[in-house]
Every structure is written in structure tokens, then in C-alpha cells.
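4 protein chains.
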Amino acid sequence: MLIVMNHKAGQKQIDAVISAVDRMGLTAAPIPGSERTAIGVLGNRGYVDDTTIRDLPGVQEVIHVSKPYKLVSRDFHPRNTIVKVCDVPVGEGKRPVVVAGPCAVESEEQILKTARAVKKAGADMLRGGAFKPRTGPHTFQGLREEGLRLLALAREETGLPVVTEVMSPDTVGLVAEYADLMQVGARNMQNFELLKELGRIRKPVLLKRGMSATLEEFLAAAEYILAEGNPHVILCERGIRTFETATRNTLDLAVVPLIRELSHLPVMIDPSHATGKRSLVPPMAKAALIAGAHGILLEVHPEPDKAMSDGPQSLTFHGFESLMDEIRRLNTFLGFEAAVEKPA
Amino acid sequence: MLIVMNHKAGQKQIDAVISAVDRMGLTAAPIPGSERTAIGVLGNRGYVDDTTIRDLPGVQEVIHVSKPYKLVSRDFHPRNTIVKVCDVPVGEGKRPVVVAGPCAVESEEQILKTARAVKKAGADMLRGGAFKPRTGPHTFQGLREEGLRLLALAREETGLPVVTEVMSPDTVGLVAEYADLMQVGARNMQNFELLKELGRIRKPVLLKRGMSATLEEFLAAAEYILAEGNPHVILCERGIRTFETATRNTLDLAVVPLIRELSHLPVMIDPSHATGKRSLVPPMAKAALIAGAHGILLEVHPEPDKAMSDGPQSLTFHGFESLMDEIRRLNTFLGFEAAVEKPA
Amino acid sequence: MLIVMNHKAGQKQIDAVISAVDRMGLTAAPIPGSERTAIGVLGNRGYVDDTTIRDLPGVQEVIHVSKPYKLVSRDFHPRNTIVKVCDVPVGEGKRPVVVAGPCAVESEEQILKTARAVKKAGADMLRGGAFKPRTGPHTFQGLREEGLRLLALAREETGLPVVTEVMSPDTVGLVAEYADLMQVGARNMQNFELLKELGRIRKPVLLKRGMSATLEEFLAAAEYILAEGNPHVILCERGIRTFETATRNTLDLAVVPLIRELSHLPVMIDPSHATGKRSLVPPMAKAALIAGAHGILLEVHPEPDKAMSDGPQSLTFHGFESLMDEIRRLNTFLGFEAAVEKPA
Amino acid sequence: MLIVMNHKAGQKQIDAVISAVDRMGLTAAPIPGSERTAIGVLGNRGYVDDTTIRDLPGVQEVIHVSKPYKLVSRDFHPRNTIVKVCDVPVGEGKRPVVVAGPCAVESEEQILKTARAVKKAGADMLRGGAFKPRTGPHTFQGLREEGLRLLALAREETGLPVVTEVMSPDTVGLVAEYADLMQVGARNMQNFELLKELGRIRKPVLLKRGMSATLEEFLAAAEYILAEGNPHVILCERGIRTFETATRNTLDLAVVPLIRELSHLPVMIDPSHATGKRSLVPPMAKAALIAGAHGILLEVHPEPDKAMSDGPQSLTFHGFESLMDEIRRLNTFLGFEAAVEKPA
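Protein sequence lines, in the order shown, are assigned to chains A, B, C and D.
Each residue of the first sequence is one higher than the one before, counting from 1 in the UniProt record's numbering.
Each residue of the second sequence is one higher than the one before, counting from 1 in the UniProt record's numbering.
Each residue of the third sequence is one higher than the one before, counting from 1 in the UniProt record's numbering.
Each residue of the fourth sequence is one higher than the one before, counting from 1 in the UniProt record's numbering.
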């Protein structure tokens, strides 16, 4: 159940509702928003009689949530949410953002070299995995905390905000010390304890769609984060699992305009994981932008042939520069005010 | 087995190879190409000893086809194939083509009205179903031959070439009397007898991808048409079947650049069937073009709410005009020489 | 629209309804059934006003079909349909039937040898492909009419009814001369012209589920055959296409009890195509029977390693005999009256 | 990398190998087995030169793991693993086991009533969710610790071992205090931190297949648990996600014999989640057993219509008793020594 307060409801009225919920033996979870406060009601084991609540002062509406999401929906919050990652706005800023970097942080040299190269070519953020989810336990699992430190080093030098994956509730604190944007990988999209933990911090979250998650499940996963009080969520489509094996996954690009209809949250595309093939990344990156994506994630590696993971889908520095040139031209065509300038 | 003749091989040498194949108890099927002739060998029940053939004069190479396709591959035919539908070139003409019209021809008024409207807005061809494949037998199955006549009427008035579906080998002749581009629907992509029959005529074919066909199977289906001697094939991705139900199908847009790598045949996109939702058609149409599609198919209806099929995904006349405006701007951006002029 | 006559309606009343339909400019297609006649109404382009019909004598009900199938549903025809293939009843006979044989007829020796072996081990029918649908055109396409003749030869010697695939409407007549049960392959499940042609003959049809067909589409495909007047249809699940590659397809066994709830038609299972792996065939065959399948199709080959197609999933003669022993024991356990006796 | 010691290798030799691994800057993780010890080597960032190790005394083989799993494979451990849950052996005991109970623990009355009923009908273990993973955050999330206490109460009264889900690494300890078999749900199959944590305890684990996990990924997930030292893993297939919507999921039953070929771990089937439909549960349960499953999980509820989750797929007490009667007969047919006796 969700109690929506009206715009002018003050703290006193909110507190009164919370007390009323407590008296019913349930738990009230206030969710402050930019326009009004909502109060989630947890702990119910079935239908809750709302008569004692719906007439309290300041209560606009009591919603018995039947859909698995409400807070992320555009009818609940009509205007676009803009998520700020350090000083980079995602969601309807001056232009779509580009996040670039290697799949995994492998060494100081590798990450610094890449950070400099993508910064020079115009990237807005640096990505790199420190904790790596791998199908089997016997392969490289990431540099872990050392990887986080190297990412911080790269940020220090280039000024690029850092995006990296967090894999479990108990490492949220650690990763949050280093990361500017906390990534939830596809395999963890329904790791609800992780989502709740990320809902309790105030860092922005990049939530990747599970490889066989429906759009409804994807939005409901984001709802977990918002319901705990963190509205700074960016959605990311990275290809779904289908019968087709010619590409690594199947990029479901139509969700970009569909998410923009259904939700106020920003949506990004990861064409590298979606296709698994370097030559397909530039056309899909451009297709994503023209379809309305608020940003793209790109894998870039100094020497893709020697990458410890995802080499075949990583762009070279040169390939990334060329793509950035194309993206700049496309952004201008699309009418974005401030297409990033190419550094001298 | 496929026997590739060299560029300079004359008819005499070709005939000698055919005779040699005959003497082996097999059937030779010459496949004339713009650059050289290939001779398909059919009727073998296992591995064929090629020693008597590979040393004949004019034979460049004997290929024991292990892949399910060869003639459609770019390594067999490096340059783009341009398929001409009446005077409209598809494949690398002056610009990508736009095929528009209703899902089904419903009446003279409906098809003429639509033909005039899409012509005025700048469409290159008219589409419309006369024979309709429907899940169950108790629903409208199309106007059949009457529908073909109405399409011809619309062509007469507007000059637009006509695209329509053919559903069985025995109606290929009938449909070919009226259609300029013969469409094979997704359900018939592996209707091999139909494909072979279409290989025997010289009309261009629009082959839609089966809803759960892999890219390899899709190209192999086209191979059936080419192997019978008809090289005028346009491929069309129209969404694949996945677990996702938020859209009617899942548009697999990454096949556009991938097909362009693997094959010399033109590739089009049908965003109407792929998404099943009117609002998603324009963004996916533009995404298709920037990804390199040689054309798009769009469903347009005078009154989508009253359409006998596919109403929810059909554009109104007004919606189509707006999209055409956007497409014109996009084509100019993409550097196509002759963006269609907007009629006065 | 479907007009259901009551039990006692005589030919006169039926004729009167047909005339009334004609006067409306529509086509009436009488569908005789064991219990009552239904009259399909075709040619309508939208909703049909049924007032002139529903009050005619003998009319029990006028159904505006919204579901894509009606005739195949159990609520239309509550009792199980038993399809007789020569003298072998399928659907609720004395026991489930076993159809066995090679994927493709390759030679007289191969098919005769196999026919004798499977007959000896207790098979009820012989299967073998004469017309083979293959992904690409350059591989063995079957012995075609010669294959049909060899199957007839094998029937003559063993007495086993013959099951073989028909691939196009124009070969229905030819195949029907030789086959006792006409198979429609998975790729042709929605080849509606083929289905209609099979509806016009009186031979039983084995309809395989398309590899990505929903259950509703599968039943609707059968409806095409029944709507043309042929009620002798056996459904066959042969595995669906999913993301999993460890097996050739994914056997969707739960459709067996589900089809038995929804439809009166018999349902069989093809564990050979479903799994693509010899060792998985016996457990899945037994699972099919205990789940309620009315029969199973098994690929058996004298020398699977040398088979021209589907070798890895074909049972050897010895493997087939062992499985038949197990099936006999299982049938007894399941309480079937007449478990086939093992020949001496 | 995995170092396999020979049968007779003593602790001294094992310690020497561990020291050698340490000197290479890597981490050695000894994995004791019933027949021999393996030593996992972690921390490598690429290929490791094994020359200093492969010649040490007691080393039988050094395996550079290319497949994502090794310890769970049958070639590594040829004999069946039997997992003991309290005194109930799973894997090749006297007969397959039956785990029954409600989807979620809802109240003391509900769980006690169900526990008594399933015990009486012959179940071997009691299942019930205390921590419930739900698509959206606004629905019932389980009774959590209270639910665990109620399960323990039910065990005390009936003697049935208790199976319940654990959702995060930090609750492994809490759940392990109450549960006898720790369930990992489909959504968490690749929650690697959870798997590792479960690898560090000694309680048996029931690992459910992810809804779009390939068989290889499923076995690799189990490998995570074994690699941390816990060999007591039971695999459970519960239906995969496909395009089909007639059933909740698609039961991939062929993995039962396939897992038994590839792995030594026991495999169970959950026909309730797989089908989502009560009437399909008994046929699929029996099919699972005849296909070789080591056990089945069944949802049973006192009043399915009032269940807080999964009502439509839950058996009534009466339905469960009938099914148990059938299972007893089937087990006898399958030759299991000690078919459970029906209590008086």
C-alpha cells in the first residue's frame, strides 16, 4: 500500500500518518520526493483496510498497489528525473552522456591509459569492473578493492566520475567509498537485498536489465530502490537472452521509447554487451541515441586482443575516437544544445 | 556442391561442366550472376567426388557447401546487390526506401485513399495484404484476388510499385501478375516449396525473417531463392519472438549491420510488426535508418481504430507525414544524395 | 462465425441455413461431426449481424469466434477423438502407439531393414521422410517420389502403416497416394494453404508444433484442417526453440496434459527431435507416456553414424528393442488392456 | 586452475603444494573430497605457468579450467553424490524424496496444519518460504525470522527436515540456524556472493536453476559452492522462461537425464513453479520421477484459493494424498527398495 500526501502536507501531517500506520501493526516507510512525500506501507499480509488513514489531513490518495511498481511510473511522477553523477546530469541534460572504459580494471597502467584516452575523446564518465561476476569460479574475478583504488586514481587524474559494479549488500559501503555511480549487473537485477541496500544510500545507481527480465520486472526492480528512499536510479538495457546466437545478446532497443513513456527515470544503452561484436557497437550506439537514450556505455580497451574479458566487443582507442566524432555530429543534428567540444 | 566458374568462362565451358555433372547422375543448376556463373549440383546423397570436375576448363573452384548458404554471402559476391522494384532501386540507391500502406487491403476507398496519402507524403512503394495469413481460420483472410486488383488500381493512379504477400506456390503466378515486389511472410520463411517457386520467376522478393529464425536460417532461406536463379531478394527483419510481452515482438536491429557484413543483399526493417505499438514506430524507424537499413516498411491506415488488422501499430496519415519529414532530415544528415523532395 | 446445429437437425434444416448464409453474400462451409453439424461462415469482413440466422429451425447456437479455435476445443466436442490410421487407433486405443523409423528414407535396403526391425520390436507404424525440409538448399533434400515408393514397399512387406511428411499443397495428392498418415513438419505448421488442402482430403494428419508456436497457435493451426472438413488430426509436440543449447530443442512436455484438457484431439511426442541426443530419448519417451501422450515418434536407423540426417538422435535397432521392452512394462503398469506382445 | 592430488597424497604433500602456490602470489583453496583432495588456485589474472607445481610429490594433475565447471562434473567425481538432509538421503537413496509445503509460511496454523498433512501423506521434508523474493516491493515479503521459527516449530512436531530460501549472504547464518536444507531461488542462481557464503558453511544447499540459465551456467553456479568447500549441493529444475504463456514456465525435463550424465550431484524437479497450474502438477511429477529425478518439490496449501502466493499451482491436501498414492505405486514399479509405507 502506498499513501500519497498532497503537495502542501507538512511534517506534522506526515508524522500523524506514520503513527496511524504503526498503530495498525504495520511499518511506514516515508519516501520523500521533489514534489510530495509518499509513504510506503510494509508488513501487511493481505488486503489492508485503509479507512483510518484515507481521511487523515494531508492524505491525497491511498493506493493499493496492484502493479508491481508505482514510484517509478510516469503517472506518479510526470516530469523526467535527472540523475546527477558528480556534476554530470543524466536524463535530459545538455546532451546524452557517454560512459567508457574497460570491462575489467586489470592494472594501473591499463586503467590510467584508458581513462586518459576516453577523456581526451570526450567521454563523460569512466567505467571499469573491480568486482567481476563470472559464470564460473575458476576465472579472473576482478582486482576487487585494489581495482576500486585504481579507479579512484584514474578519476583523480582525469576528473571523470567513476562507474563500477557492486555485487552484494555487504560491499555496498566499500564500493560507495570509491564509486560515483553504483552499477547493478544484469545477474543481480533481482538481488532484492542488494537493491534495498542501495535504496538506503544516496549514491546514484545504474541498474542493468536482467537478461531475461520483462520490462515490468525491470521497472519493479527499480521500484525496490526508490521504495527505500533513493530516487537516483538510471536504467540500462544491455541486451536480452533469446534463441539467436549470431550476437551475444539481442539488443531490445524499443524499450528506450517505451521506458520513456512508462517511467520518469533516465535510460541508457550498453551496445557492447548487447552485441558482443566490435563492428556492431557504433551502429547500435547511434541507433540508441536517435531512439532517445539518455546515454550509452561503451567498452574501450588499450589492446582488446589481450583483454581479460570481453575483448571481442571492446573498441580500440582509435575506434572510440571515431565513434565520438560521429556522436558529436549526431547530437548536433538531434538539436542538443551543447554538443561536447572535441579537445584540441 | 557448388561449382564456381571463372569470369571468362564461356557458354561452351559451362555446358561441358553441366554434361559432366549429368554423367555423374546428378542435376546441374546453372546460376547466372553479374560477374560469373555458378553451377549448383543437386541430387547427391552424400559426399561427391569432384575429381572429374575440378580440372575442367573454366572451373575456378568447387565448393563442398558446409554452411547452409553460399550464394547470398558477401565473400561469394563482394559488391552490394541492388534490387530494382520497377524503377525504385533498393540496396544502395540514392537513399533508403519507404514502403507504406495498410496491413490489409479492405476496400477500394481505403486503399486508394491510403495510396494517395502515402504517395503525397513521399513513400516509394505501396504495401497492402490481399492474402492474409491469420492465426485462426475464422477471421478475415483478405480480399484475395479482389485485393490484388485494388492494389493494381492504386498503382495505376499513383505510380507507386506494389508490395503484397504470396502464401503458396500455386498462387505465385497469380500474385506476380499484380505485384511488383513479392512478399514472403514470417510464417512462410521456411516454406521451401514457395521459396523455390519464387526462385523460378524473375520478380523481386521481399523475404521476411521467421519469428524464431536464426540469422543463419534467414540467410539460408534466401539461398533457396538464389539457388533457383532469382538474385533479386530483399531481406526484412520484423521482430523476433522472445519472452518479452511489452512489445508485440522484439526488434533485432543489430542484424542490420550484421547482415551487411555477411551478405550482399539489401536489408529492410518493419518497425510496425516489430513493436506493435504506434508510438514506438517513429523512433525505431529512425534507428533502423541510422543503423544502415536500406529501407523501412510502415503500416499506415486512414482510420487505425477501424482497421481489420494491426490497427494499434498503424500510423495515421498525419503521423506518417510527420515521420516522413523527420526521415527526410535524417537522410540529409546521413549524406544521401537525393533526399526525396517534399511534394508541394 | 460458426453456426452450431442441434443434434436432431436434418439435412433440410442445414440446407436452409446454408442458403441464408449465401443470401448474406457470405460462404457457408458445413463441417460434419460425429454428434452434430457445424457450419463455418467465411468471407465476412467484420462483425456479422446474425439475426436472420439464429432463429432458423435446427440452429442451436451462433458463435462469433473470438478465440482462434473452436472446433478443436473440448468444450465444442467433449469426447476424445480417436484417429484411425489404417487399423491403428490413436487417441485412446488399447495403448499408446509407437511410430518408428529413420529421419529420411535413404535406400531400399535401409528402409526395408529398418521396417522389419521396428515391426519385429513392436512398432505400430513406420515413419520416414521422402520430402525433407532442410535449412539450406545444397544438402540432401530427400528421395522424393522414389522415397514414397520405397515406403509403400516397406508397408507391403511389414503391414505397418506409413507416416511421411508433405511439404506443399500441390504435392498433397501425390503423398496421399502413398502415405497413411500425412505429416506436417514444424516449419510448415502455419503454412495455411497446406493445412487447408489437407483439410479437404480425408487422410489423417499428424500436425507437428512449430518450433516457436504457442499452444494457442498450435491448436488454431489444427482448426484450419478441421474447418475444411477433416477431423482426423493428431497433434505432435517436438520441442520448442529456447535459449538453451545443451539439447537440440526444449521438450515442452507439460503441453500433453494441457492439450488433453483443452482439446479432444490426440497428442503425441517426438523425443528424438526434441532432445537431439540418443541417450535422452528413452527417459523422455517414458516421461511422455506417463504424462498421458497417446503415442511417441522415434527415430531409428540401422547405422546412426552413417545417417544422412539426425544420426546423433537416432536409436540403433538394439536401443529401440530395449526401449520397447521398457514401454511394454510401463504400459502394463499404466493399466492399458492390451500391451503389445513381444514377437517370438 | 585446479590441482588434483592423487588418492594417497597426505597432508604434508598438500601443504607443500599450498606453499608453492602462495610463493607464486596466488591463493590456494583446498577442496577436500571423499576420494581425493583438489586445490583450487585463485587470484590469477591470466595463464599461470604450472611448471613449479605439476612435479611436486602427490600431484596427480594440474587442470587449466577452460570449462566453467570441473568439481561438479562426473568425470572429476564418477560416483553419485548422496546429500543427506538430516537423515534423509537425496541422490540415490532408497527412493526419490518428496518435499512438500506452502509457497510461503503465512501463520502458525497454516504451517502446522500443512506439515501434519504432508507428513501423514508421506512427505520426506517440509518446504515453506520465510524470506520471499517478490517482483515488486509493495507485496507480502514473507514473515522473515518469525517464519523461520514457525518452520522450526513444525519440524519439532512432525520430525520433517525443513527447506527454506535464503536471499542474501548476510542472512545465511540466521537461516542456517533454522533450516536443514538451504534453498537458493531462481533469481539468485548467479548471486555469486551468496553462493560463496553457502560454500563456506556445511549445510546442504538446494540450488534452483535460474529462469534463463543454460545448463552450463547452472552447473557453474553449483561449482561456486563446491569450490568453497561445500559438496552438499542438490540441483533443482523449476521451469525456464520461454515465449510460451500457456504455462507459467516451461519445464525442461530433459535436463534430468542430462544432468545425471554430466554431473554427480542429485537433481530434483519442481513441477509446481514449472507449470503454475494445479492440474499439470501430478503428470509432471510422475514424468520427473520416471525420467530419473532424485526428488520433487510440491506446493501444498490448506486453502489454495486463499494462499498469499502461488495459489493456482498449489495442491490441496486431498490432491497431495492422491498424488502420493500414485507416486508410491510408481516407485514400486521403478524398483525402489523401500517405497514409503502409507501411514495408517
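C-beta: ideal position from N, C-alpha, C; glycine also.
The structure displayed is predicted, hence computed values, not measured ones.
- [ ] Return helix, strand or coil for C:T164, following the three-state DSSP convention.
- [x] Locating residue 164 of chain C in the third sequence gives position 164, where the first residue counts as 1. Reduced to three states, the DSSP call for C:T164 is strand.
Task: Straight-line gap, A:L26 to A:L42 (C-alpha atoms, nearest Å) - done: In the first sequence, the residue the question calls residue 26 of chain A occupies position 26. In the first sequence, the residue the question calls residue 42 of chain A occupies position 42. Looking at the two C-alpha atoms, the distance is approximately 6 Å.
TODO: Let me know the secondary structure DSSP gives A:A339 once reduced to three states.
DONE: By one-based count along the first sequence, residue 339 of chain A stands at place 339. Low per-residue confidence applies at A:A339: pLDDT is 48, beneath 50, and the placement is therefore not dependable, though the value from the model is reported in the following sentence. A:A339 falls in the coil class under three-state DSSP.
Task: Same chain, Cβ closer than 8 Å to B:I82, five either side skipped, listed in chain order - done: Taking the first residue of the second sequence as 1, we reach residue 82 of chain B at position 82. Cβ neighbours of B:I82 beyond the five flanking positions: P89, V90, G91, E92, G93 and P266.
Open item on the list: Measuring straight from C-alpha to C-alpha, what distance separates A:I31 and A:R134?
Closed with: On the first sequence, residue 31 of chain A is found 31 positions in, with the first residue counted as 1. On the first sequence, residue 134 of chain A is found 134 positions in, with the first residue counted as 1. Answer to the nearest angstrom: the Cα atoms are 35 Å apart.
Task: The alpha helix (DSSP H) enclosing A:L323, as first and last residue numbers - done: Here residue 323 of chain A refers to the residue found at position 323 of the first sequence. Here the alpha helix (DSSP H) through A:L323 covers F317 to L334.
Open item on the list: Here's the rule I'm using: 16 or more other beta-carbon atoms within 10 Å means buried, otherwise exposed. How should D:T114 be labelled?
Closed with: Position 114 of the fourth sequence, counting from 1, holds the residue named residue 114 of chain D. D:T114 is buried by the Cβ-count criterion.
Task: B:A123 vs B:G147 beta-carbon contact at 7 Å - done: Taking the second sequence and counting its residues from 1, the one referred to as residue 123 of chain B is at position 123. Taking the second sequence and counting its residues from 1, the one referred to as residue 147 of chain B is at position 147. No, they are not a contact pair.
Open item on the list: To the nearest angstrom, how far is the alpha carbon of C:I240 from that of D:N6?
Closed with: Here residue 240 of chain C corresponds to residue number 240 of the third sequence, with the count starting at 1. Here residue 6 of chain D corresponds to residue number 6 of the fourth sequence, with the count starting at 1. Going by the C-alpha atoms only, they are around 44 Å apart.
Open item on the list: Quick check: what's the CA-CA separation for D:L143 versus D:V118?
Closed with: The residue given as residue 143 of chain D occupies position 143 in the fourth sequence. The residue given as residue 118 of chain D occupies position 118 in the fourth sequence. When rounded, the distance between both Cα atoms is 21 Å.
Open item on the list: Extract the residue ranges of the alpha helix (DSSP H) inside the segment 193 to 250 of chain D, only unbroken runs of 4 or more that lie entirely within it.
Closed with: 215 to 227
TODO: Can you tell me which of the three DSSP states A:V4 falls into?
DONE: Looking up residue 4 of chain A in the first sequence gives position 4. Reduced to three states, the DSSP call for A:V4 is strand.
- [ ] Keeping to the same chain, check which residues put their C-beta closer than 8 Å to that of C:N249; ignore five residues upstream and five downstream.
- [x] Counting from one through the third sequence, the residue named residue 249 of chain C turns up at place 249. Closer than 8 Å at Cβ, skipping near neighbours: M211, R238, G239, I240, R241, T242, H273, A274, T275 and G276.
- [ ] Determine the direct distance from the alpha carbon of B:G229 to that of B:R149, and round the result to whole angstroms.
- [x] The residue you call residue 149 of chain B lines up with position 149 of the second sequence. The residue you call residue 229 of chain B lines up with position 229 of the second sequence. Roughly 28 Å separates the two Cα atoms.
TODO: Use the C-beta contact count for C:K306: other C-beta atoms within 10 angstroms, 16 or more gives buried, fewer gives exposed.
DONE: Along the third sequence, one-based indexing puts residue 306 of chain C at 306. Exposed, since its Cβ has fewer than 16 Cβ neighbours within 10 Å.
Open item on the list: Tell me whether the segment 10 to 28 of chain C and the segment 195 to 210 of chain C touch, counting them as touching only if at least three CB pairs, one residue from each stretch, are closer than 8 Å.
Closed with: no
TODO: Could you check if A:H138 is buried or exposed, using at least 16 other CB atoms within 10 Å of its CB as the buried criterion?
DONE: For the purposes of this step, residue 138 of chain A is taken as the residue at position 138 of the first sequence. Flag for A:H138 reads buried.
Task: Simplified DSSP assignment, three categories, for C:D22 - done: One-based indexing of the third sequence puts residue 22 of chain C at position 22. Of the three classes helix, strand and coil, the one that applies to C:D22 here is helix, per DSSP.
TODO: Give the range of the beta strand (DSSP E) segment to which B:Q183 is assigned.
DONE: For this step, residue 183 of chain B is matched to residue 183 along the second sequence. Its beta strand (DSSP E) spans residues L181 to V184.
- [ ] Output the boundary residues of the beta strand (DSSP E) element that contains B:R297.
- [x] As a first step, residue 297 of chain B must be located in the second sequence, where it is residue number 297. Note that residue 297 of chain B corresponds to Leu in the displayed sequence, not to Arg. Looking at the DSSP string, the run of the beta strand (DSSP E) that includes B:L297 is G295 to E299.
TODO: Give me the Cα-Cα distance between C:G33 and C:P231, rounded to the nearest whole angstrom.
DONE: As a first step, residue 33 of chain C is located in the third sequence; it is residue number 33 there, counting from the start. As a first step, residue 231 of chain C is located in the third sequence; it is residue number 231 there, counting from the start. Using only the alpha carbons, I get a separation of about 8 Å.
- [ ] Please look up how many angstroms separate the CB atoms of A:I296 and A:P271, rounded, as I've assumed it's under 8 Å.
- [x] Reading the first sequence from its first residue, position 296 is the one you call residue 296 of chain A. Reading the first sequence from its first residue, position 271 is the one you call residue 271 of chain A. Confirmed, Cβ separation roughly 6 Å.
- [ ] Measure how close the beta-carbons of C:I181 and C:V85 come, nearest whole angstrom, since I'm counting them as under 8 Å.
- [x] The residue given as residue 181 of chain C occupies position 181 in the third sequence. The residue given as residue 85 of chain C occupies position 85 in the third sequence. Reading off the sequence shown, one finds Leu at residue 181 of chain C, where the question assumed Ile. With 8 Å as the limit, C:L181 and C:V85 qualify as a contact, their Cβ atoms being about 5 Å apart.
- [ ] Taking 8 Å as the threshold, find out whether the segment 156 to 169 of chain C comes into contact with the segment 190 to 201 of chain B through three or more Cβ pairs.
- [x] yes
Open item on the list: Once the 5 residues before and after A:A285 are set aside, which same chain residues still bring their CB inside 8 Å of it?
Closed with: The count along the first sequence starts at 1 and reaches residue 285 of chain A at position 285. These residues qualify, in order along the chain: I269, P271, I296, L298, L323 and I327.
Open item on the list: Distance cutoff 7 Å, beta carbons only. Does D:P32 sit that close to anything in chain E?
Closed with: Judged by its chain identifiers, the structure shown contains no chain E, and its protein chains are A, B, C and D.
Task: Cβ-based neighbour list, C:P68, same chain, cut-off 6 Å, excluding 5 preceding and 5 following - done: The residue you call residue 68 of chain C lines up with position 68 of the third sequence. Excluding residues within five positions, the ones whose Cβ falls inside 6 Å are A220.
Open item on the list: In this structure, how does DSSP classify A:D170 when only helix, strand and coil are distinguished?
Closed with: If you number the first sequence from 1, residue 170 of chain A lands on position 170. Correct three-state label for A:D170: helix.
Open item on the list: What does the alpha-carbon distance come out to for the pair B:V340 and B:D87?
Closed with: Along the second sequence, read from residue 1 onward, the residue named residue 340 of chain B stands at position 340. Along the second sequence, read from residue 1 onward, the residue named residue 87 of chain B stands at position 87. A caution first: B:V340 carries a pLDDT of 49, below 50, which makes its placement in the model unreliable, though a value can still be read off. Approximately 15 Å, taken between the alpha carbons.
Open item on the list: Just to confirm the assignment: which complete beta strand (DSSP E) runs, minimum length 3, are found wholly within the segment 36 to 92 of chain A?
Closed with: 38 to 42, 59 to 63, 83 to 85 and 88 to 90
Open item on the list: So, at 8 Å on beta carbons, what are the nonlocal neighbours of D:S314 in its own chain, with the 5 sequence-adjacent residues on each side left out?
Closed with: Taking the first residue of the fourth sequence as position 1, residue 314 of chain D is located at position 314. Here the set comprises P102, C103, S272, R278, E299, V300, H301, P304 and A307.
Open item on the list: To the nearest angstrom, how far is the alpha carbon of B:A29 from that of B:L226?
Closed with: Residue numbering aside, residue 29 of chain B sits at position 29 when the second sequence is read from its first letter. Residue numbering aside, residue 226 of chain B sits at position 226 when the second sequence is read from its first letter. If you take the alpha carbons of B:A29 and B:L226, they lie about 11 Å apart.
TODO: Please state whether DSSP places C:K279 in a helix, a strand or coil.
DONE: Stepping through the third sequence from its first residue, residue 279 of chain C is reached at position 279. The sequence given here has Ser at residue 279 of chain C, not Lys. Three-state result, C:S279: helix.
- [ ] Between the Cα of C:I290 and those of D:P283, D:M125, D:A246 and D:V233, spot the shortest distance and give me the residue it belongs to.
- [x] Residue 290 of chain C sits at position 290 when you count from the first residue of the third sequence. The candidate whose alpha carbon is nearest that of C:I290 is D:P283.
TODO: Report the option in A:L112, A:K132, A:I201 and A:A100 whose CA atom is closest to the CA atom of A:T158.
DONE: Sequence index remark: in the first sequence, residue 158 of chain A carries index 158 (1-based). Taking only the C-alpha atoms, the option nearest A:T158 is A:L112.
Open item on the list: Classify C:S19: buried if its beta carbon has 16 or more other beta carbons within 10 angstroms, exposed otherwise.
Closed with: Counted from its first residue, the third sequence places residue 19 of chain C at position 19. Result: exposed.
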